[in-house]
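Beneath this line is the structure, given in structure tokens, with notes to follow.
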Amino acid sequence: MPIISSARRSADRLLTVLAAAFAMVVVATGSVGAHPLPGAPAPDFTATDIDSHPVRLADLKGRIVVLEWTNHQCPYTRKHYDSGNMQRLQRVATERFDAVWIQIISSAPGKQGYVTADEARRLNAARGAYVTHVVRDPEGRIGRLYHARTTPHMFVIAPDGTLAYMGAIDDRPTADPADIAGARNYVREALAAVAAGKPVPDPSTRPYGCSVKYAD
Amino acid sequence: MDRMACDPDPAFLSIIFVFYGEAREDSSPLTQGHGSDGHMSNASQGRIPTSPLYGAGVTKERLGLRSVLFLLSLLLLSMMMPTTSHAGKTGAGVTAVPETATIGRIDQPHTRVLIFAQKGKQAGQATLALVFRPQEGWHVYWRNPGDSGLPPKVSLIGPSSLHLGELRFPIPERIPVGPLMNYGYEGEAVFLLPVTFPPAAPGEATIQVDWLVCAEVCVPEAGRVTLALAALTQPTPTAVSDAFRSWRGRLPHHLPSGRAEAAFTADSFLLAVAMPGLAARDIADAYFYPLEEGVLVYAEPQRWRLQDGRLMLAAARDLANPSPQNISGLLVLTRTDGGREGFALDASDGLDPAPVLAALATAGPAERTARIGFLLAFALAVLGGLLLNLMPCVFPVLSMKAIALLRSAGAGESAARRDGIFYTLGVVVGFLALAAILLALKAGGEAVGWGFQLQEPWVVAGLAMLMFLVGLHFMGWWRLPTGWSIAMTTAGKDSAAHSLFTGLLAAVVATPCTAPFMATALGAAVVMPPSQALAIFAGLGLGLALPYLVISFVPAARRLLPRPGAWMERLQQALAFPLWLTAVWLVWVLARLAGETAAAWLLAAIVMIGFAVWAGHCLVRRRLWTGLGLAGAAGFLWLALAPGWTAALTTPDSRPLAESAQARPAEAGLDEQAWSPEAVADAIAAGRPVFVYFTADWCITCKVNEAVTLENTTVRQALAAHHVAVFRADWTHRDPEIAAELARHGRDGVPLYLFYRPGTAEPEILPQILTPSDLLTRLADLPQTNKRPVG
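Those protein sequence lines, which keep their order, are chains A and B.
Oh and the first sequence: position 52 is 52 in our numbering, straight run, nothing missing.
Oh and the second sequence: position 86 is 302 in our numbering, straight run, nothing missing.
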């Protein structure tokens, strides 16, 4: 009898593994979706942040949500972090506008910007980042869902769940921190417009930065 | 000589009992000592077979097993090494120009910039050339860098008497980066900068150059350089002016305005450019590089067609950004000789979309990149192989595996594992061989696809005879002479060869059935580099062999098998019948391929084989009668396959059915026509929804789908009610047009189902296992204006 039940268990295990593999493949092939558009509902996603808290976009309705694609080694991201510009923007968003700031890292393992949960926590602590959630997306699932192209690539989602702004952080596509001072910060503009109930002046701009380091 | 009776040889059945009994640790009175020679003695002489399993042979077997495993894993690993490939790589070579002639240079960690000058025709004019030489594997960007990146920028620091014109960019290339696309330059890129200066030329000038250079990572680089401007007023050395001539050749031409028109539809960007005098055979590829954001999605492939001197192009529209008012950009044509030409154009809007959409409905990108990555394709191939085990054409081989399983149940651990390994090896080698032939044929220009082996009558006939022979084996009515090692019933080292052979057979017979997921994986495989493509086919084989491999390695599963008994003998004989049914199907396929008379000759050949086998067993002058039987079989086979002979003997009614199928009148209820790109374009232009189905007589999955879905009355009524134009593309015989169309949709074999909504150029690809609801839901979605009253 024990022989049969152990055989049955291994057969069950095999079946579960196969079913799981099947499901993963189906999900992977189905992950190429429509382009997110300003004014349309932002694509919903579920993730777990580095503190193991679940993050679901649909649950955040009623608050402004900012998505920031980042890669701490990219010169364009460093332009905004080394100068303190990004941290200031995060503080304004979370304190003045009560927004939820989700920092997303879509670098694949082995690629530039990939971090473990501990590394991400240490980085943010060291540079004084003011984010609500840090989501690691090494498979690029959320990145591809939003068609995130560069780091930084910013998305502002209005409390009703529609995409209010997508694109660059500001209008000076350089790696020089000196260009921050005179630049027009699109994210700040979008936050102010959404909070005031007015239309965002430029809802979609061309993002600049390093390409998001997806897996090959 | 001791002739045995002409009924199933009892001796081989006793062998099964012996080995089965050993595994279950029953002491069998039939077992004698364990010899070190592993040969199976001739059972007809009544000797008891010895088992090499527990004797001296074990160590050798273990070593052999390990080395086989090692080799197999090496083989698979080496094939999984990805080779890099770039789409659209021109390989602009490094220009041979003396570096001593530079008027300035910037050296940065990843890029060297050399600056040359050429005196202009008039006083006060000159051209500077900024020659960017990035490190091997790094690239810089075009005006519109695509999804990410930044183009180089030049600014003047001083003196202000010098004026810099606009930087002129050479023709860019596409640089794919994962799911993103960049436009830029791998290797040397030369940017030309016109400058003007007052007659009293300044001695020097300082410029600032900023650029972004990337490989995997990106590094913004910059340099401030002071140029010695003496060269601007002196005649240019020959070497430098030669270099300038070749650099100017890399710049795009300018198309006069009015030659290009563009339009946006709901999801596409359309462009039409008048190119009189250009013939379709001159052009291998066309691509449009837009200057601004908001025109098209960079990573999506573009479709183009050259018709009557007009180049039409369609791309996926960028819906996320506001569309620019003026569309300008670069149309780059790749000639068949590999050279590229670029045309800078400004397109006026007002292009009529309908004729362009219709013309492009059957167009495709000439340069395909795999739509899915290698690892995903591999995983899909393994899964497809697993599912192939459930498909009807694999079932006969499944029965052979079942017999082998019963054998190995009596053979002990290492032999079972070895059988599993050799079976897997056979399957993988079989698929690799087929894939290698397929790729070689494709490389040679033949329009073949997966399943190609069943488009050849001689393959079909050979397989039918093989199925018949193996069925005879199962029945026990035939054994190969003992000189040959491939005997069905032996364990020991001969069984390895048998497992290998079974595996090879499985690979060959499984091809007509395409399981779900396989089409995507195979379609991706044929556009990848050969090593990756072969690895994907190997993955398919691995998936097919996986269940048996698992069972051969997991002893617990084998212990689940029922106890030996008389049922085994009956089961083995019963499994001959699925094999013979497969032979019947193959005869039917031959009938469709080469005509009913050919099929009749094949049946005659099979009967002669049966005669030869019977003669060898039951007649006195074995050799003579066997030889006669085989000669008869060969003769009938030749009659079946030689087209001239059959044509001479056939009446017009017995011409290949496949041809008549193409021309046959509409079946009752299903108004279908033979597929052709022009017919589809006409139907689309008429605003009808279109359904195209690709099928082949040797493709069982196709036939099942048609029986379940297309013969369904509800589906037929819905198709008629919505006035859907139904087209049938029959790929039973080789057809380059159909093969090209399959390739355009990323597939390499049949079935393929395409559904075109009214007025759209891009069809939706329906699932490979087609159900009536797949069609009905899409038809229900159509706008009501298309509905016609069912009459």
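Every residue gets a Cβ at the ideal spot worked out from N, C-alpha and C, and that includes glycine.
Is DSSP giving residue i helix, strand or coil here?
i, result
"A/Y214", "coil"
"B/L998", "coil"
"B/S376", "coil"
"B/R944", "strand"
"B/V313", "coil"
"A/I64", "coil"
"B/C918", "helix"
"A/I268", "It is not possible to answer for residue 268 of chain A, since the shown part of chain A is limited to 1 through 216."
"B/T987", "coil"
"A/W69", "strand"
"B/E978", "coil"
"B/S484", "strand"
"B/H470", "strand"
"B/W354", "coil"
"B/Y639", "helix"
"A/D170", "strand"
"A/R206", "coil"
"A/H53", "coil"
"B/R584", "In this prediction, B/R584 scores a pLDDT of 43, lower than 50, which makes its location untrustworthy; the coordinate-derived value is nonetheless stated afterwards. Coil, per DSSP."
"B/E389", "strand"
"A/I180", "coil"
"B/M397", "strand"
"B/S768", "helix"
Please determine, among the options, the residue with the shortest C-alpha to C-alpha distance to residue i.
i, options, result
"B/A941", "B/A955, B/A901, B/P967 and B/R963", "B/A901"
"A/R206", "A/I169, A/I142, A/A108 and A/L163", "A/I169"
"B/V347", "B/A955, B/R384 and B/L445", "B/R384"
"B/W830", "B/A820, B/I822, B/T842 and B/R904", "B/T842"
"A/D160", "A/I64, A/M166, A/P43 and A/P138", "A/I64"
"B/W914", "B/L679, B/F852, B/T930 and B/L835", "B/L679"
"B/P414", "B/S747, B/S376 and B/P893", "B/S376"
"B/V643", "B/A652, B/T718 and B/P673", "B/T718"
"A/D49", "A/P43, A/A42 and A/L57", "A/L57"
"A/L191", "A/D179, A/K213 and A/A164", "A/A164"
"B/T736", "B/L599, B/D990 and B/A563", "B/L599"
"B/A849", "B/V823, B/R837 and B/H833", "B/V823"
"B/N928", "B/L802, B/S989 and B/D951", "B/S989"
"B/L576", "B/Y505, B/S484, B/E509 and B/S544", "B/S484"
"A/T77", "A/R188, A/P173 and A/S204", "A/P173"
"B/A416", "B/Q450, B/A897, B/A792 and B/D946", "B/Q450"
"B/A649", "B/A754, B/A593 and B/V435", "B/A754"
"A/C210", "B/A421, B/C434, B/V429 and B/T422", "B/C434"
"B/P952", "B/G336, B/D524, B/L573 and B/Q671", "B/Q671"
"A/R96", "A/Y146, A/Y130, A/I142 and A/H53", "A/Y130"
"B/A564", "B/V610, B/L596, B/E477 and B/R633", "Looking at the sequence shown, residue 564 of chain B is not Ala but Ser. B/S564 has its Cα closest to that of B/E477, out of B/V610, B/L596, B/E477 and B/R633."
Which term fits residue i, buried or exposed, when burial requires 16 or more other beta carbons within 10 angstroms of its beta carbon?
i, result
"B/W783", "exposed"
"A/V66", "buried"
"A/S106", "buried"
"B/G362", "buried"
"B/A741", "buried"
"B/E315", "exposed"
"B/A996", "exposed"
"B/H379", "exposed"
"B/G545", "buried"
On the premise that residue j lies in contact with residue i, defined as a C-beta separation below 8 Å, what is that separation, rounded to the nearest angstrom?
i, j, result
"B/R321", "B/V313", "The pair is not a contact, with the Cβ atoms about 12 Å apart (cut-off 8 Å)."
"B/F971", "B/F910", "At roughly 13 Å, the Cβ-Cβ gap does not stay under 8 Å, so B/F971 and B/F910 are not in contact."
"B/L756", "B/M734", "7 Å"
"B/T640", "B/L765", "5 Å"
"B/V1009", "B/H326", "With chain B running from 217 to 1007 in the structure shown, residue 1009 of chain B is simply not present."
List the residues of chain D that residue i touches, going by C-beta distances under 8 Å, in chain order.
i, result
"A/T162", "Annotation note: the requested chain D is absent from the structure, which comprises protein chains A and B."
Determine, using beta-carbon pairs with one atom in the region 962-971 of chain B and one in the region 675-691 of chain B, whether at least three such pairs fall under 8 Å. no
Cβ contact (3+ pairs, closer than 8 Å) linking the region 450-458 of chain B and the region 493-504 of chain B: no
Is there contact here, the region 541-558 of chain B with the region 461-477 of chain B, by at least three beta-carbon pairs under 8 Å? yes
Three or more beta-carbon pairs under 8 Å between the region 336-350 of chain B and the region 387-407 of chain B, yes or no? yes
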